[in-house]
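To start, the structure under review is shown below, and the notes come after it.
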Amino acid sequence: LKPYSCPVCNQEFSRKYHLVRHNMQTGCDGKEKPIFPCQVCGREFNRKDNLREHLRAHAGQTKRKKKYTCGCCGVECEANELLKLHKKIHNGERQYACDFCHKKFPSSGALKKHRRTHTGEKPYECITCHRRFAAKETLNRHIRLHTGYKPHCCPYCGKRFIQGTQLKAHL
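Residue numbers (this note's numbering): -14 to 156.
Structure follows, in structure tokens:
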């Protein structure tokens, strides 16, 4: 028996806290979904602990308590190796070069994302309409068309928008 269901996507849950967690992670509750971007490769997470785990994978390390802070922008990294990689964004040092156009990038993840502009690879697929996308962020924005989720709110009239650019045009 699953007495709790999401009013947006109709997914059912046996416990209320599962529904609450679902709403927080998907944005089905109408609230803006928190996004925690990886400062190394740009991948986005909706939970801070998932980002931390991801950062450890970049560093190839286990849990650390010490934080390493970037003096330029204040970003905190879980490992000094990650901070060094992040700082390449600021000092212009780029070590990963594109085989197609020779443009250089600060991380292998950034290069991989860029290469898709040349290869046409679209690894992210919408489960609703099967349209494919080169970037996960673009897929996430597209999914909002199906769910009706509009996280960007006009502070003056309350009208909501799917994309921040739509809100800016409205203002």
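From the three backbone atoms N, C-alpha and C, an ideal C-beta is built for every residue, glycine too.
Small disclaimer: the values here were computed from a predicted structure and weren't measured.
I'd like to know whether the C-beta atoms of residue i and residue j end up nearer to each other than 8 Å.
i, j, result
"residue 126", "residue 137", "no"
"residue 152", "residue 139", "yes"
"residue 97", "residue 109", "no"
"residue 32", "residue 39", "no"
"residue 81", "residue 68", "no"
"residue 55", "residue 72", "yes"
"residue 124", "residue 147", "no"
Between which two residues does the alpha helix (DSSP H) containing residue i stretch?
i, result
"residue 56", "That residue, residue 56, is in no alpha helix (DSSP H); it is neither H nor E in DSSP."
"residue 74", "65 to 76"
"residue 149", "149 to 155"
"residue 129", "121 to 132"
"residue 102", "93 to 104"
Using only CA atoms, which one of the options lies nearest to residue i?
i, options, result
"residue 101", "114, 86, 111", "86"
"residue 113", "132, -7, 39, 81", "132"
"residue 119", "111, 106, 129", "106"
Which residues does DSSP list as the beta-bridge partners of residue i?
i, result
"residue 22", "29"
"residue 83", "Beta-bridge pairing links residue 83 to no other residue."
"residue 109", "118"
Using 8 Å as the limit for Cβ to Cβ distance, is residue i near chain C?
i, result
"residue 24", "Any reference to chain C falls outside this structure, which holds one protein chain only."
Contact between the region 57 to 67 and the region 82 to 94: three or more CB pairs below 8 Å?
Inter-segment contact for the region 57 to 67 and the region 82 to 94 is absent: fewer than three beta-carbon pairs are separated by less than 8 Å.
Is the region -11 to 8 touching the region 22 to 37 in the sense that three or more CB pairs, one from each, lie closer than 8 Å?
Cβ pair count under 8 Å is below three, so no.
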